[in-house]
Amino acid sequence: MPAELSPMDKAKFAAARRAVDFIEDGMRVGLGTGSTAAWMVRCLGERVREEGLNIIGVPTSTRTAELARQMGIKVVSLEEAKWLDLTIDGADEFDPELNLIKGGGAALLQEKIVATASDRMIVISDASKEVAHLGAFPLPVEVTPFGWPVTRTLIEEVLSSMDVLGRETTVRMEGDQPLVTDEGNHIIDCHLNKIGNPRQLALALNQIAGVVESGLFIDICDMVIIGDADGRVEVRDINAGTVAHEKIDFAENDNIFGDLK
Ligand code: 5RP
Numbered sequence: 001m002p003a004e005l006s007p008m009d010k011a012k013f014a015a016a017r018r019a020v021d022f023i024e025d026g027m028r029v030g031l032g033t034g035s036t037a038a039w040m041v042r043c044l045g046e047r048v049r050e051e052g053l054n055i056i057g058v059p060t061s062t063r064t065a066e067l068a069r070q071m072g073i074k075v076v077s078l079e080e081a082k083w084l085d086l087t088i089d090g091a092d093e094f095d096p097e098l099n100l101i102k103g104g105g106a107a108l109l110q111e112k113i114v115a116t117a118s119d120r121m122i123v124i125s126d127a128s129k130e131v132a133h134l135g136a137f138p139l140p141v142e143v144t145p146f147g148w149p150v151t152r153t154l155i156e157e158v159l160s161s162m163d164v165l166g167r168e169t170t171v172r173m174e175g176d177q178p179l180v181t182d183e184g185n186h187i188i189d190c191h192l193n194k195i196g197n198p199r200q201l202a203l204a205l206n207q208i209a210g211v212v213e214s215g216l217f218i219d220i221c222d223m224v225i226i227g228d229a230d231g232r233v234e235v236r237d238i239n240a241g242t243v244a245h246e247k248i249d250f251a252e253n254d255n256i257f258g259d260l261k
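Here the sequence shown is numbered in my numbering, starting from 1 and rising by one per residue.
Written out as structure tokens, the structure is:
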């Protein structure tokens, strides 16, 4: 393992490496977006090359599609795959029920469509993303460019009647322009500090005409794998109600770090 890898990256790698063990030959796999998901794509690429694992991947962003192709993973669209066996993705926050905030990387729409078109979703994370209540991370809401300032006002109106601790919203920018997502939309970040009822908030936001989707993933995630910088991983399965503690051997994965050079 390269010495320059940060403890955070080691933790993300450990979670990602454990997660790809759940991928079996012939599977159709949703490939998440973000720095943790990128480790997963590298680890999966390694299994494809070394073991001849025969899978197809459905990426959740143009960034992930590019990396997956570079790693030798066969990439198809969700239309082609139709349904997926498993999606593995990162998250910005997860709570004890494995409800999530996602969209820090602006890919929440494709991520949610792919995750909900999968039999199972596994979230991979370092320990910093675990929270008692969602909301410290600003909640991204994807909105259509048409009339977006009006949609923002309507989001603020909805927030005024919700059980949240903050109500400020900001438009995600790229340079001096509102960021444009892969689906051609904008992102409104909601600074809520604490969300009392994530399910109610998700439903209320989706009632607004200009809202495409929110970054609240409710009842979608089945398992979380939490990595630590020393290689320890915790595997929590919400359906089975099990928690397992295991360890990843970094030395066995030197090929993957070789890819980075
Ligand atoms: C992208 C996401 C990512 O999964 C989330 O932002 C976590 O990213 P990272 O693994 O880089 O911390 O939702 O839209």
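From the three backbone atoms N, C-alpha and C, an ideal C-beta is built for every residue, glycine too.
Within the region 169–217, the complete beta strand (DSSP E) segments of 3 residues or longer fall at 186–191 and 211–214, listed in chain order. A distance criterion of 7 Å places the beta-carbon of glutamate 111 in contact range of the ligand 5RP, judged by its closest non-hydrogen atom. The beta carbon of valine 224 sits closer than 7 Å to the beta carbons of Phe94, Leu98, Val123, Ser125 and Arg236 from its chain, once the five residues preceding and following it are set aside; these are given in chain order. At least one heavy atom of the ligand 5RP lies closer than 7 Å to the C-beta of leucine 108. The Cβ-Cβ distance between isoleucine 248 and arginine 17 falls below 8 Å.
Rounded to whole angstroms, the Cβ separation of aspartate 182 and glutamine 110 is 6 Å, and the two are in contact under 8 Å.
Asparagine 206 is not a Cβ neighbour of threonine 144, given a cutoff of 8 Å. Serine 214 has its Cβ no nearer than 7 Å to any heavy atom of the ligand 5RP.
In this structure leucine 86 does not touch valine 58 by the C-beta definition: roughly 11 Å separates them, more than the 8 Å allowed. At a cut-off of 7 Å, the beta-carbon of lysine 247 does not count as near the ligand 5RP: no heavy atom of the ligand is closer than that.
Between leucine 108 and alanine 68, the CB-CB gap reaches or exceeds 8 Å.
Secondary structure of valine 150 (DSSP, three-state): helix. Under the three-pair Cβ rule at 8 Å, the region 131–141 counts as touching the region 188–205. Between valine 114 and the set Val141, Gly104, Leu100 and Leu84, the nearest pair of CA atoms involves Leu84.
The distance from the Cβ of isoleucine 88 to that of lysine 74 is about 16 Å, inconsistent with a contact at the 8 Å cut-off. Close CB contacts of arginine 199 within its chain, under the 6 Å cut and outside five residues either way in sequence, are with Ile218 (chain order). In the DSSP assignment, valine 158 forms no beta bridge with any residue. Shown here, phenylalanine 137 sits in coil according to DSSP, grouped into three states, outside any helix or strand.
The ligand 5RP has no heavy atom closer than 7 Å to the beta-carbon of aspartate 85.
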